[in-house]
Amino acid sequence: MKDIMDLHTHTIASGHAYNTLYEMAKSASEKGLALFGSTDHAPKMPGTCHEFYFINFKVIPRKLFGINILMGSELNITDYKGSVDLRKGLLERLDYGIASLHEPCFKSGTVSQNTSAYVGATENPCIHIIGHPDDGRFPVDYDTLAAAAAENHTLLEVNSSSLHPLSARQNAEENYKVLLERCRHYKTSIIINSDAHVEADVGNHERAWALIKEMDFPEELIVNSSMERLLPFIPKLEAYL
Numbered sequence: 000m001k002d003i004m005d006l007h008t009h010t011i012a013s014g015h016a017y018n019t020l021y022e023m024a025k026s027a028s029e030k031g032l033a034l035f036g037s038t039d040h041a042p043k044m045p046g047t048c049h050e051f052y053f054i055n056f057k058v059i060p061r062k063l064f065g066i067n068i069l070m071g072s073e074l075n076i077t078d079y080k081g082s083v084d085l086r087k088g089l090l091e092r093l094d095y096g097i098a099s100l101h102e103p104c105f106k107s108g109t110v111s112q113n114t115s116a117y118v119g120a121t122e123n124p125c126i127h128i129i130g131h132p133d134d135g136r137f138p139v140d141y142d143t144l145a146a147a148a149a150e151n152h153t154l155l156e157v158n159s160s161s162l163h164p165l166s167a168r169q170n171a172e173e174n175y176k177v178l179l180e181r182c183r184h185y186k187t188s189i190i191i192n193s194d195a196h197v198e199a200d201v202g203n204h205e206r207a208w209a210l211i212k213e214m215d216f217p218e219e220l221i222v223n224s225s226m227e228r229l230l231p232f233i234p235k236l237e238a239y240l
C-alpha cells in the first residue's frame, strides 16, 4: 500500500529531538512523502517550547522542498476528562492536533479513568488524532476507545516508534493487536506515524506496516495512502492542497 504522509514528528523545539523543522521537512521530501506534519510537544511536557511557539505558525510556508506542510502539536492529555494543555484559542490556530498520554503530564488511573481521558479527547473538535494509544502503563478499554473514535470521527494512531525494541512504552505490539481488531469491528480509521525525533526516522513506518500486514488490517481503514482519505479527518488540509 502506498504511504505518502507522516504527521507525528518533533523538532528541536520539543526539547528532546535533534533536527530543525526545515531539516525534517527536507528529509520527508527526499523520502518521497507528499505530506509532512510537525507536532512539537505542547507546554506541559518538560523541556518543550512556550505556547508562543504555536501562535506564529502563520509565518511558516505550507510548501517546503516540494511537499505540503501541516503545523500541529502533540497535546498532553492532563486529566480523566480529556483536557489538553493548549487553550481553545490556540488549538483553533493549529492545522491539527494529536492528543496523547505521557507520564510526566498524566497520572495513570483505572482502566475506566484512562479510557475516559481518551474518549474525552476524541470529543474535542480540535483533536484529530489520538497519539500512541498503546502504552501498557496506561491500561485502556480498547473496545470503548475504538467505538468512540469512530463515533467522533477521530483517527487512532499506530505509532511505529512504540514498536521499537527500546521503546519505554509497554506491551505496545500486544495492545495494538487488540486495538486493531476493535477498529476492524467498528470500522474505525487509523493513521500510521513515525513519531520521529530525528530526521533519519521521518517516514519510518516499517514496524507499523509489519504489524498491519500480520493483522491483515483493511486497507480502506488506513488514511496514509491519499490526501482524499485524510481530508475528512483534518479539514484544514484542504486550504493547503
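Residue 240, in numbering that gives the first Met the number 0, is where the sequence shown stops; the numbers in between run on with no holes.
Even glycine gets a Cβ: it sits at the ideal position worked out from N, Cα and C.
Quantities reported herein were computed from a predicted structural model and do not represent experimental measurements.
Span separating the alpha-carbon of residue i from that of residue j
i, j, result
"residue 83", "residue 103", "13 Å"
"residue 174", "residue 234", "29 Å"
"residue 38", "residue 232", "16 Å"
"residue 111", "residue 207", "27 Å"
"residue 193", "residue 36", "11 Å"
"residue 241", "residue 50", "This structure gives no information on residue 241, because the portion of the chain shown stretches from 0 to 240."
"residue 212", "residue 109", "32 Å"
"residue 24", "residue 179", "29 Å"
"residue 56", "residue 105", "27 Å"
"residue 228", "residue 222", "5 Å"
Residue j beta carbon less than 9 Å from that of residue i
i, j, result
"residue 182", "residue 190", "no"
"residue 202", "residue 26", "yes"
"residue 71", "residue 154", "no"
"residue 107", "residue 131", "no"
"residue 151", "residue 122", "yes"
"residue 66", "residue 32", "yes"
"residue 225", "residue 3", "yes"
"residue 28", "residue 69", "no"
"residue 85", "residue 120", "no"
"residue 87", "residue 115", "no"
"residue 176", "residue 149", "no"
Top-ranked residue by Cα proximity to residue i, from the options
i, options, result
"residue 46", "68, 137, 24, 16", "16"
"residue 205", "77, 19, 11, 159", "159"
"residue 117", "144, 138, 238", "144"
"residue 275", "9, 126, 20, 22", "Because the chain in this structure spans residues 0 to 240, residue 275 falls outside the shown range and cannot be described."
Close Cβ partners of residue i (< 6 Å) along its chain, the five nearest in sequence each way excluded
i, result
"residue 170", "135"
"residue 1", "224"
C-beta neighbour in chain B for residue i, strict 9 Å
i, result
"residue 109", "Structure shown: chain B not included; a single protein chain is present."
Inter-residue CB distance, residue i and residue j (contact presumed, cutoff 8 Å)
i, j, result
"residue 172", "residue 128", "In fact, because the Cβ distance is near 20 Å, the residues do not count as touching under 8 Å."
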